[in-house]
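**Q** Just so you know, the sequences run in chain order A and B. Taking my numbering, the leading residue of the first sequence gets 1, the next gets one more, and so forth. Taking my numbering, the leading residue of the second sequence gets 230, the next gets one more, and so forth.
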Amino acid sequence: MIHVANLHKTYGRGSGATRALKGVNLHVGESEFIALTGRSGSGKSTLLHILGLLDSPTLGEFTIQGRDMLRLSENERARFRLQEFGYIFQEYSLLPGMTLLENVCVPAIGLGNIGDVKRRAADLLQTVGLGQRLKHHPAEISGGEQQRAAIARALMNRPRILFADEPTASLDLASSRVVLELFTQLHKETGQTIVMVTHEPDDEQYVDRVIRLKDGLVDESAIVSVLAS
Amino acid sequence: MGDIKLAIFLAYKSIFRGNLWTLFLVILVMALSFANLLLTPSIMLGVTDTINRQQVETLYGNIVLDPPMEQYYLTHADEIVQDIAHVPGVAGVAARLDNSALIEYQWVEKSEPSDRGKSGTWPVIGIDPAREAGVTTIQQHIIEGSYLDARDRDSILLGVEIAGGDEADAAEFQTLQGACVGDAVRLTYPNGVQREYTIKGIFRARESHADRTAFVTRGEMASVMGRAVYDDRASQIVVSICNPGTEAHLIDTIESLGFHGVVRSWSEHGEAAGGIVSSFEVVAGLIGGIGLAVAGIVMFIVIYINIIHSRRHIGILRAIGIKRSVIVGSYLTQALFYATTGIVLGGLAFGFGLQTYFLHHPLDLSIGRVSLGLQPATVQNAIIGLVAAAVLAGLVPVLHITRQGIIKAIWGD
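As structure tokens, then:
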């Protein structure tokens, strides 16, 4: 599904340049739930941003289902993100002026769907346990609830791939568990492909495969396959 | 269509579900900027309107008939006055004989004839009192004594800035230092004729030229000039009209009567006075332009800061795949909303607040009572200027942010 070869990313130029990725090779299969881990500065977030079309590599190959992602125009990238991807960010990323229901509706309205958008958004919020909080604003709920609402928003357009950038970093243990169990449930029940960046060793038990990055490269010696329990 | 709906939806949510206090302040700044934009040129226009009105009412009437270039006087003045008086649309006509004189007060107290004493040189105009009252308002501005009578020969009417005293604005040495009604003044005309007059009245028209003018009857002035022909001559004939704004049409009509003279509107006639007004209008234009720039910049800064503050949200919207054009449209809609609301509220505050107040409580300035004058072009320029500023303020930052990388927009690095 996702295929990356010899992927490089360099920030800046000349002597001040920082090489975040130094030739990453990676393949993520359909319906896989993988974790990208590594120490701070290892390049895991940079890799996730490139895979999620939020950033562009300096060099390399990157395809999704055989389609060259590096040849997409700005508008095509936006359309691809809207149609095919869902995102959960590290920090709370809901729009503060909208209710949870409205936040979840935004991606669908962006696709031009007006019809039963509200019903699907309400169902998704019900699924993530926020069925009683449809009319609440982000500031009125906890961080864990905000991340669950962000998951509902990410699922709104039935994405092919879900990207999560340290989704539990700002959460307490109980909220983290709820979020990760939601991912697992989603993965098991719908075969959702999920790529998640995490630095919490405990999170690894939820994924199919752990890919460790070290100094901008995949640490081949540390690829771990686990059975989600 | 879906994109437009989403842009409006995002704008609506951002405006009304954001911080209402911020919304209130932004709109307040917009409204005050717009009201200020109207206020300055309105005051300037009010001042020029007052100056113009004073010139029409106290100096020239609406139309002035001057002698031809090569002559000092209009001949057959009474006949011309009669003919013009019959032109439809003419409210009043009066002939004048212009002169000037050295006016002395308490001259007997001077120790030497060459002492300046209480004296000065001012314009002296011979008028037909009744006809003059049909054109100018000098008669209505008598503050002491009374107006001239047609038969008066030894009486004079002085402007307050000639008489001096507490009512005058001019420095004491520039006046007769307190001449009063009933007092005698001595006039020495350029032709050497010297006459003594009793001050019959003192007027204050609040027009600097008029208030520095003395009036005697036209018969008296003709006798000063020494020849019988001056009885039927005039330095100028002034005309007031029923409907201001119809000067051009009436000038054509008066010209068609075939008089040997030059017919002009009051504004064309008074070159010096007109120059002051046009200079004032240039200053008003400059101040208005600066006001527009300042209001535009204020609006730009307020909207710019508002959008910069939303930078992370713009990044998130882009990250989840919302089109750049939708985001730009959303912030443009917000900017236009702020501008439109500010313009409407500022306009209402100006129209129903400031304008109404000034109508009932005009500024009491030395030139007269000044209320606000507002031209449609001023309002139109202000609206166009502020909307343009709002569009720029909405577009520039959001285009800048949406051209940044998404990661930079969200996390700022």
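Backbone N, C-alpha and C define an ideal beta-carbon position, used for all residues, glycine too. In this text the structure is predicted, and so the values were computed from the model without any measurement.
Rounded to whole angstroms, what's the CA-CA distance from SER469 (chain B) to ALA314 (chain B)? Just pull it up for me.
**A** Residue numbering aside, residue 469 (chain B) sits at position 240 when the second sequence is read from its first letter. Residue numbering aside, residue 314 (chain B) sits at position 85 when the second sequence is read from its first letter. Cα to Cα, the separation comes out at about 10 Å.
**Q** Short check: CB of ILE431 (chain B) to CB of ILE372 (chain B), under 7 Å?
**A** Along the second sequence, read from residue 1 onward, the residue named residue 431 (chain B) stands at position 202. Along the second sequence, read from residue 1 onward, the residue named residue 372 (chain B) stands at position 143. Yes, these two residues count as a Cβ contact at 7 Å.
**Q** Is DSSP giving HIS305 (chain B) helix, strand or coil here?
**A** As a working note, residue 305 (chain B) is residue 76 in the second sequence. Coil at HIS305 (chain B), not helix or strand.
**Q** Beta-carbon separation of ILE88 (chain A) and ALA164 (chain A) under 7 Å?
**A** Numbered from 1 along the first sequence, position 88 holds the residue referred to as residue 88 (chain A). Numbered from 1 along the first sequence, position 164 holds the residue referred to as residue 164 (chain A). Their beta carbons are under 7 Å apart, which means ILE88 (chain A) touches ALA164 (chain A) by this criterion.
**Q** Measure the C-alpha to C-alpha separation of ASP219 (chain A) and GLY43 (chain A) and round it to an integer number of angstroms.
**A** Here the question's residue 219 (chain A) lines up with position 219 in the first sequence. Here the question's residue 43 (chain A) lines up with position 43 in the first sequence. Cα to Cα, the separation comes out at about 12 Å.
**Q** Starting from VAL106 (chain A), trace the beta strand (DSSP E) both ways and give me its first and last residue.
**A** Position 106 of the first sequence, counted from the start, is the residue given in the question as residue 106 (chain A). Segment 100-110 is the alpha helix (DSSP H) holding VAL106 (chain A); no beta strand (DSSP E) there.
**Q** Could you tell me which chain B residues have their CB closer than 9 Å to the CB of ASP165 (chain A), listed as they occur along the chain?
**A** Within the first sequence, residue 165 (chain A) is the residue found at index 165, counting from 1. By Cβ distance, chain B contributes nothing, its closest Cβ being about 10 Å from ASP165 (chain A), past 9 Å.
**Q** Going along the region 525-554 of chain B in order, which residues come within less than 8 Å of chain A, judged by CB to CB distance?
**A** Result list: HIS542, ILE545, LEU546, ARG547, ALA548, ILE549, GLY550, ILE551, LYS552 and ARG553.
**Q** Which ranges does the beta strand (DSSP E) cover as unbroken runs of at least 3 residues, wholly within the region 158-185 of chain A, from first to last along the chain?
**A** Counting only runs of 3 or more, we get 161-165.
**Q** Secondary structure at PRO591 (chain B), three-state DSSP: helix, strand or coil?
**A** What you label residue 591 (chain B) is simply residue 362 of the second sequence in a count that begins at 1. Three-state result, PRO591 (chain B): coil.
**Q** Closer than 7 Å, CB to CB, is SER243 (chain B) near chain A or not?
**A** If you number the second sequence from 1, residue 243 (chain B) lands on position 14. Closer than 7 Å to some Cβ of chain A, the Cβ of SER243 (chain B) qualifies, so yes.
**Q** Okay, do the region 616-627 of chain B and the region 264-281 of chain B touch, 3+ Cβ pairs below 8 Å being the bar?
**A** The region 616-627 of chain B vs the region 264-281 of chain B: no contact.
**Q** From which residue to which residue does the beta strand (DSSP E) around GLU333 (chain B) run?
**A** Your numbering for residue 333 (chain B) matches position 104 in the second sequence. Residues 319-334.
**Q** Out of curiosity, what's the CA-to-CA distance linking LYS347 (chain B) and GLN335 (chain B)?
**A** Indexing the second sequence from 1 puts residue 347 (chain B) at position 118. Indexing the second sequence from 1 puts residue 335 (chain B) at position 106. For LYS347 (chain B) and GLN335 (chain B), the distance between alpha carbons rounds to 7 Å.
**Q** Using the Cα positions of GLY582 (chain B) and THR607 (chain B), report the straight-line distance between them to the nearest angstrom.
**A** The residue labelled residue 582 (chain B) in the question sits at position 353 within the second sequence. The residue labelled residue 607 (chain B) in the question sits at position 378 within the second sequence. Rounded to whole angstroms, GLY582 (chain B) to THR607 (chain B) spans 18 Å at the Cα level.
**Q** LEU645 (chain B): which of B:SER595, B:ARG382 and B:SER262 sits nearest, CA to CA?
**A** In the structure displayed, chain B extends from 230 to 642; residue 645 (chain B) sits before or after that span and is not available.
**Q** Spell out the partners DSSP gives ALA443 (chain B) in its beta bridges.
**A** By 1-based counting over the second sequence, the position of residue 443 (chain B) is 214. Partner(s): B:VAL353 and B:LEU387.
**Q** According to a CB-to-CB cut-off of less than 8 Å, which residues of the region 628-639 of chain B neighbour chain A?
**A** Here the close residues are GLY634, ILE635, ILE636 and ILE639.
**Q** With DSSP as the reference, label ALA522 (chain B) as helix, strand or coil.
**A** For the purposes of this step, residue 522 (chain B) is taken as the residue at position 293 of the second sequence. DSSP places ALA522 (chain B) in helix when its eight states are reduced to three.
**Q** Give the range of the beta strand (DSSP E) segment to which ALA35 (chain A) is assigned.
**A** As a working mapping, residue 35 (chain A) is identified with position 35 in the first sequence. 33-38 is the extent of the beta strand (DSSP E) around ALA35 (chain A).
**Q** Can you pull the chain A neighbours of PHE238 (chain B), defined as C-beta to C-beta under 7 Å?
**A** Within the second sequence, the letter at position 9 stands for residue 238 (chain B). Under the 7 Å cutoff, chain A gives ILE109.
**Q** Would you say ARG246 (chain B) lies against chain A (beta-carbon separation less than 7 Å)?
**A** Stepping through the second sequence from its first residue, residue 246 (chain B) is reached at position 17. Yes, ARG246 (chain B) lies at the interface with chain A (some Cβ there is under 7 Å from its Cβ).
**Q** Kindly list the residues whose CB is nearer than 7 Å to the CB of GLN311 (chain B), restricted to its own chain and excluding five residues on each side of it in sequence; keep chain order.
**A** Taking the second sequence and counting its residues from 1, one reaches residue 311 (chain B) at position 82. The answer is none, since no qualifying residue turns up.
**Q** Select from A:ILE109, A:LEU100, A:PRO107 and A:VAL117 the residue whose C-alpha is nearest the C-alpha of VAL128 (chain A).
**A** Taking the first residue of the first sequence as position 1, residue 128 (chain A) is located at position 128. Among A:ILE109, A:LEU100, A:PRO107 and A:VAL117, the Cα nearest to that of VAL128 (chain A) belongs to A:LEU100.
**Q** Do the region 123-143 of chain A and the region 106-113 of chain A meet, that is, are 3 or more Cβ pairs less than 8 Å apart?
**A** Cβ pair count under 8 Å is below three, so no.
**Q** Give the straight-line distance between the Cα atoms of VAL4 (chain A) and ALA260 (chain B), rounded to the nearest whole angstrom.
**A** Counting from one through the first sequence, the residue named residue 4 (chain A) turns up at place 4. Counting from one through the second sequence, the residue named residue 260 (chain B) turns up at place 31. Their Cα atoms are separated by approximately 55 Å.
**Q** Taking only three categories from DSSP, how would you classify GLY231 (chain B)?
**A** Within the second sequence, the letter at position 2 stands for residue 231 (chain B). Residue state, collapsed to three classes: helix.
**Q** Tell me whether SER45 (chain A) sits in a helix, a strand or coil according to DSSP, three-state version.
**A** Your numbering for residue 45 (chain A) matches position 45 in the first sequence. Looking at SER45 (chain A) - three-state DSSP - the assignment turns out to be helix.
**Q** My assumption, with CB atoms under 8 Å, is that GLY550 (chain B) sits in contact with ARG79 (chain A). Please give the rounded CB distance.
**A** One-based indexing of the second sequence puts residue 550 (chain B) at position 321. One-based indexing of the first sequence puts residue 79 (chain A) at position 79. So it is a contact: roughly 7 Å between Cβ atoms.
**Q** Closer than 7 Å, CB to CB, is GLU140 (chain A) near chain B or not?
**A** Translated into the one-based positions of the first sequence, residue 140 (chain A) becomes position 140. Output row for GLU140 (chain A): interface = no.
**Q** Flag MET196 (chain A) as yes if its beta-carbon sits less than 7 Å from any beta-carbon of chain B, otherwise no.
**A** Position 196 of the first sequence holds residue 196 (chain A). Chain B, which has no Cβ nearer than 7 Å to the Cβ of MET196 (chain A), makes this no.
**Q** Mapping DSSP to helix, strand and coil, what is GLY131 (chain A)?
**A** If you number the first sequence from 1, residue 131 (chain A) lands on position 131. GLY131 (chain A) falls in the coil class under three-state DSSP.
**Q** Strictly below 9 Å CB to CB, what residues from chain A border GLY231 (chain B)?
**A** As a position in the second sequence, residue 231 (chain B) is number 2, starting the count at 1. Under the 9 Å cutoff, chain A gives ILE109, GLY110, LEU111, GLY112, ASN113 and ILE114.
**Q** Okay, do the region 202-216 of chain A and the region 22-36 of chain A touch, 3+ Cβ pairs below 8 Å being the bar?
**A** The region 202-216 of chain A, when compared against the region 22-36 of chain A, does touch it at the 8 Å Cβ threshold.
**Q** Distance cutoff 7 Å, beta carbons only. Does LEU217 (chain A) sit that close to anything in chain B?
**A** As a working note, residue 217 (chain A) is residue 217 in the first sequence. No - not a single Cβ of chain B is within 7 Å of the one on LEU217 (chain A).
**Q** Taking the alpha carbon of VAL316 (chain B) as the reference point, which residue from B:GLY394, B:MET450, B:THR482 and B:SER559 has its own alpha carbon closest?
**A** The residue labelled residue 316 (chain B) in the question sits at position 87 within the second sequence. Among B:GLY394, B:MET450, B:THR482 and B:SER559, the Cα nearest to that of VAL316 (chain B) is on B:THR482.
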